[in-house]
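Under our numbering, think of the first position of the sequence shown as 34, with each following residue one higher.
Where a beta carbon is used, it is the ideal one built from N, C-alpha and C, also for glycine.
Below: one structure, written as structure tokens.
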Amino acid sequence: MGWTNLLREIPDFPVPGVLFRDVLPVMADKLAWQEVLDGLESSLKTQGADAIVAPEARGFLIGAPLADRLKVGVVPVRKPGKLPAPILQEAYSLEYGDNQLQIEANTTLEGKRVLIVDDVLATGGTVAACARLAERLGAEVIGYAFIIELQALSGRHRLDLTRARITSLLTL
């Protein structure tokens, strides 16, 4: 797990009191990035997913190459104002505020098994909103995958883990 040496911690970003965990230096290093993708692929390949649902923006960067490796589709979940109508929308809370996410309402997820992929599981608000959007489109959420899980923020407690499991490469 040499990639962990490339993680950056940025205090007071994006607001005072938050310690931001930055995975972009890991993505910029070809060997570290391959190690992360290999680890996620290895953990997820037997789950039988049909698609990956990935929130803007780091979720896109992880979800797209992972979907390619798993031979599944990727469905982007966007911030407001980035998708043409019709859309479905979900509000959610972050460690430092509230926001909304949107998905195209005509996305075909009915009966599909989906994995929700993002860089960090913190409070769980973002991925819980992604799960609600996917379920509103008829998908079954079978798992969540992250590079990092911040255990102290208890994000996993906001997720329905009845039929889904969490995969994290690093728990802090």
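In the DSSP annotation of this structure, Ala162 is not part of any beta strand (DSSP E); the continuous alpha helix (DSSP H) holding it starts and ends at Gly158 to Arg169.
With 16 or more other CB atoms across the displayed protein chains lying within 10 angstroms of its CB, Met60 is buried.
Residues Glu182 and Gln184 of the same chain have their beta carbon placed closer than 6 Å to that of Thr204, with the five preceding and five following residues left out of the count. Shown here, Phe53 sits in a strand according to DSSP, grouped into three states. Leu127 sits away from Ser201, with the two beta carbons spaced by 8 Å or more.
Going by DSSP, Glu74 is part of no beta strand (DSSP E) but of the alpha helix (DSSP H) stretching over Lys63 to Leu77. By the beta-carbon neighbour count (other beta carbons within 10 angstroms, threshold 16), Phe179 is buried.
In summary, Ala161 is buried, with 16 or more beta-carbon neighbours lying within 10 Å of its beta-carbon over all protein chains present.
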